[in-house]
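**Student:**
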Amino acid sequence: MILIHSKEQIPMRQISFISLLNILLLVLFSCSDVKENTEIANSNSIAVTLKEGTNMAVSLSPDKKSLALDLQGTIWVMPTSGGKATPITDELGDCHEPTWSPDGESIAFHSYKDGNYHIWTIKKDGSDLKQITSGLYDDREPDWSPSGETIVFSSDRNGNYDIWEVQLSNKSLKSLTQSIGNDYSPAVSSIDGQIVFVSERVKAPGIYISIKGKENLLTASDKALAAPSWNENDDSVTFTAYDGENSNMYIADVETGEVESLTIESEDIFPFRTNWLNDSTYLYTADGKIKKSILGKDGFQTIDFEATVNLNRNSYARKTYNFDDDEKHTPMGIMGPVVSPDGNSVAFAALGNLYVQVIGGELTQLTDDIFVDIDPDWSPDGQSIVFASDRTGKMNLWMMDLVSKEAKQLTDIKETTLAPSFSPDGKSIAFYATDARNVWGRGVLSLLDVSSGEITAIHDPVFVPSKPSWSPDGRTMALMAIQPASTRYREGMSEILLVSVDGEGYRYVSPDSTRTPGMRSKNGPLWSPNGTKIAYIQDGVLWTVPVDARGEIKGIPKQLTKELAAKPSWAGDSKTIVYLATDHLKKINVETGEDEDIPIELEWKPQLGESTYVIYAGKLFNGKDSTYLENMDILIENHRIKEIVPHQEYTNMTVIDASDNVVMPGLFEMHTHQHASVGERLGRIWLSNGITSVREPGADPYDALERKEAWSSGTRLGPREFFTGGLTDGGRIYYGLANSVIHGPHMKLEMERAKKLGYDLIKTYVRMPDSIQKEITMAAHDIGIPVSSHEIFPSTKYNVDAVEHIRGTSRRGYSMKQSAMNRTYDDVIQLIAQSGMNITPTIGLQGGFFLMMEKDPRLIKNKQLNALYSSDYVNKLAAAMPGIRAMRPGYGSNFDNIYKTMKNIINAGGRMTAGTDSPFIPYGTSLHVEMQLFVEAGLSPFQALQTATIKSAEAVGVDKDLGSLEAGKLADLVIVDGDPLNNITDAWNITTVIKNGIEYEIDELLETPN
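Residue numbers for the sequence shown follow numbering that gives the first Met the number 0, so the first one is 0 and each next one is one higher.
1. Using the C-alpha atoms, what's the distance from D656 back to T924?
2. For the segment 325-403, which segments carrying the beta strand (DSSP E) assignment without a break, of at least 3 residues, lie completely within its bounds, in sequence order?
3. For D769, which residues from the same chain have a beta carbon less than 7 Å from its beta carbon, with the 5 sequence-adjacent residues on both sides left out?
4. Pairing CB atoms from the segment 747-756 with CB atoms from the segment 95-103, are three or more of them under 8 Å?
5. Taking the C-alpha atoms as reference points, what is the distance between S658 and N245?
6. Kindly list the residues whose CB is nearer than 6 Å to the CB of L748, restricted to its own chain and excluding five residues on each side of it in sequence; keep chain order.
7. By Cβ distance below 7 Å, which residues in the same chain neighbour N529 in space, the five residues on each side in sequence not counted?
8. Assign T237 to buried or exposed, taking buried as 16 or more other Cβ atoms, counted over all protein chains shown, within 10 Å of its Cβ.
9. Throw me the rounded Cβ distance for the Q1019 and T391 pair, which I believe falls under 8 Å.
10. Report buried or exposed for S610, applying the criterion of at least 16 other Cβ atoms within 10 angstroms of its Cβ.
11. Verify whether the separation of the beta carbon atoms of T1063 and R719 is less than 8 Å.
12. Report the rounded CA-to-CA distance for R811 versus G730, giving the unit in angstroms.
13. What's the call for I993, buried or exposed, on a 16-neighbour Cβ count within 10 Å?
14. Buried or exposed: which applies to T415, given that a residue is buried once 16 or more other Cβ atoms fall within 10 Å of its Cβ?
15. Output yes or no for whether 8 Å exceeds the beta carbon distance between I373 and G342.
16. Classify R139 as buried or exposed, calling it buried when 16 or more other Cβ atoms lie within 10 Å of its own Cβ.
17. Whole angstroms is fine: what's the gap from L135's alpha carbon to T149's?
18. So, R680 versus L396, is the Cβ gap smaller than 8 Å?
19. I'd like to know whether the C-beta atoms of H674 and P696 end up nearer to each other than 8 Å.
20. Have a look at V677 and G914 and give me their C-alpha separation to the nearest angstrom.
21. State whether the segment 490-505 contacts the segment 575-586, with contact taken as three or more CB pairs (one from each stretch) at a distance under 8 Å.
22. Hey, how far is the Cα of I828 from the Cα of G909?
23. Suppose you measure from the CA of E998 to the CA of T991; what does that come to, to the nearest Å?
24. Of the choices L350, G882 and I106, whose alpha-carbon is the least far from that of D368?
25. Closest to A484 by CA distance: which of S146, R156 and I635 is it?
26. Should N21 be labelled buried (16 or more other beta-carbon atoms within 10 Å of its own) or exposed?
27. What are the boundary residues of the alpha helix (DSSP H) that M746 is part of?
28. Which whole-angstrom value is the C-beta distance of P375 and L353, which I expect to be below 8 Å?
29. Under three-state DSSP, which class holds E705?
30. How far does the beta strand (DSSP E) with N588 in it reach, from first residue to last?
31. Just how far apart, CA to CA, sit F370 and V385?
32. How far does the beta strand (DSSP E) with T1028 in it reach, from first residue to last?
33. Look at S383 and D400 and say whether their C-beta atoms are less than 8 Å apart.
34. Given a cut-off of 8 Å on the beta-carbon distance, is the pair M55 and F269 in contact?
35. Just to confirm, are E853 and Y898 a CB contact at a threshold of 8 Å?
36. With burial defined as no fewer than 16 other Cβ atoms inside 10 Å of the residue's Cβ, what is the status of Q364: buried or exposed?
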């Protein structure tokens, strides 16, 4: 079978590669019969019995005796009367939405086993597993035809979702609908083969019926529709609808189109098919249960089940930290290295400043200040460098003459300016005007006329694009941009976007339409100065591909490196590329393959406190006890706490008088994403909010390292940084920081990078198949670092350490942790609690931040927020709530359900930490709101503070040094006014912050440097 790309047929040279890739994925990661793939539970096995399911589907067998259930991604079979459920697929399939064959012998479902959703079948006893569809597409929501000879399903094979049919005898495919809108969730009539489905057609969205290819609208609706299903007599169709506040079930008469509600008040109906025991009795899933109801009668019966899973939670040796290190280091946070036109020098950013390293010669420091200078680019004559700097309070473009070292400001616009790129003639500079979220936001590709200062936007906003690159004739810009596979889901592949500078339109091209290139950032495309090649990163290594003058692909890609490569740039002769070889610079001759290291003659040293002093604490919250210790002295020696003793008088010692204050541990922010373009104020935002440690589960690793090294060295003020690289993802991606890692050699390179750069964790993202995530988890644990993801099962089985968000993005289109009505059921609670997996729920991100802002007007007036963010930003934040409520009516009414989940997790013994996913909500401010929300949920202020102190330190693996105030631990602490153990909002009343033994007063942190 020839696989068809969404826009064009894949070239013949790639078909063999695709076939080979599919074979390898099937061999390495394919489903096997559950009886052959069941792991023997070891001594660390934890048996967890699940009696409720979150967003589970159920299917009734034709003989009405059995049910097939998809519970946390495994297909189970159980009696219709209820009882013990038996798994028939293994835990690695992410299998969903089962449906029985007409003869009752087989079950079809969609599974993510090979890195895309495809249709599979299996016998009801768990034997004879078969993959029915394949390819670089998602195939979902299968249903059998009455003959059992075909299966209908939805698929994005046409570039959007349509209804398809597969012939089981030969696996031939046929598209049954071809709508511009998405068509999905098909169900086939058992009598005459009519197909009912959901359609998102712009003019008339709703439920449609297809009869012999003719489509008729059954009922129109602009709600979120799902799961149309035929009743026993095929004269009615049930379906579910979510209106932003409530989930509902309806039944529509096929002949008249009349629609009636079947919803019980406040019922949390899951978006899956209804099943009919007879013409009046039906089964469905809601409220975590399998329910049975009768038309025209109130109430329901519950069909109870028990499904037992075994979790193998093995311990491993965690990475050790040397917080007493005072040695000199060569920086690894090298940002945006770019080789000079003559190929003799490399400009780069490190430790917040700009440098030029002559290859084999001297290092010159171009800037030396507290501000953040990034994104250097050479003028074509090599005499000047353009760069971005926040020296005026936010990122603007500047240009420096390399002889005089004088810099002049080029832009002064309200947006952040990033990624400047000189045109070949030196007369223009391309750059992005980006929104406030930077690393997650959109950028408008713009041109600056160097002589006049005039700025022209030349393309619509692009979501987190790569640095632009010019064609030699200056007529075209090349950049990497996301191309979603459909409008139903946001993921797709990064492709090269070619934009005409003269307004003649744009085009997409791809060196390999079966693979997505590396993280967008500064990893290509890079047009060679002679115009014959484009360089880029893919699978972690450096490639070039031949192109014509218009940027069209004209040959086969060539791999240049076997080692990991990042941030390439061309020398002017088009023969040499300079790149980052994991932890150092390197150059390679693209013709001969010869390479050489480029040493950087630059060092930095950790900044440690060097003073001895005492803090007299009127009240001391040590992070472990639920009550204060009163009138205590904390003796600080250099950067550690030497001892904590009852207060006494000192005659020859500096004493910080906090006798009227509370002293508590420095706070952890456990989920944030940062970017250098926020500028130097970012570190002051954290510290002014009492946050002395941040965990960043997703970043450009070199950006994160620059920040870590600058903060650690004292070049800029800031907290401790615990980081990872990009979002380790599957074949499809979305964010610019997503790193597609789908085969063994690339995974090995990424693990080497994690070890060399000193990652603190690995974050796997939503399109990562479970089988590969399992291998990544083992590899990460081998080097002592934890793994986090958005998943709870089977990740809890193979020892993933943490889960982000109680809801969060899911590849399924619905969450396995929380329903549309913000409800979470006992399967999720027990898996999290009994596994010991840590959860950072980020409930402020789910609406809590704005609800709290609406409830407490003091929040928007907070002095840290107003001092460190612009008035425009604060005003927009304050005005956001009405629009959010209009978009999501249930924003506030269902939020109490999240509170219940938080309380249930804690009561069950679960591990929870405080994090926010800023900058979606503002840095610093959001962590305090998160703790306030935890208290609103029913946690005590003590428990809430622990989620941001000792519990976070435990999760990161640094609780021997951080998270509580004890003798021998690091001197990271906060002095506040008030009584935070009784009023959590008092944790915001910060007067003094001490990080690594160094004292910072609040006024110092709030003042913008000159």
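Backbone N, C-alpha and C fix where the C-beta goes; we use that ideal spot for every residue, glycine too.
**Tutor:** In short, the structure shows the following:
1. 27 Å
2. 334-338, 344-349, 352-357, 362-364, 372-377, 383-388 and 395-400
3. L91, D93 and P793
4. no
5. 52 Å
6. G539 and L563
7. P471 and S573
8. buried
9. The structure shown does not extend to residue 1019, since the chain spans only 0 to 1009, so no value can be given for it.
10. exposed
11. Beyond the ends of the chain as shown, which are 0 and 1009, falls residue 1063; an answer cannot be given.
12. 15 Å
13. buried
14. buried
15. no
16. buried
17. 21 Å
18. no
19. no
20. 19 Å
21. no
22. 8 Å
23. 7 Å
24. L350
25. R156
26. Reliability fails at N21, whose pLDDT of 39 lies under 50, so the model's placement of it is uncertain and the value that follows must be treated cautiously. N21 comes out buried.
27. G743 to L756
28. 6 Å
29. helix
30. L584 to N588
31. 16 Å
32. Examination of residue 1028 is not possible in this model, given that the chain is present from 0 through 1009 alone.
33. yes
34. yes
35. no
36. exposed
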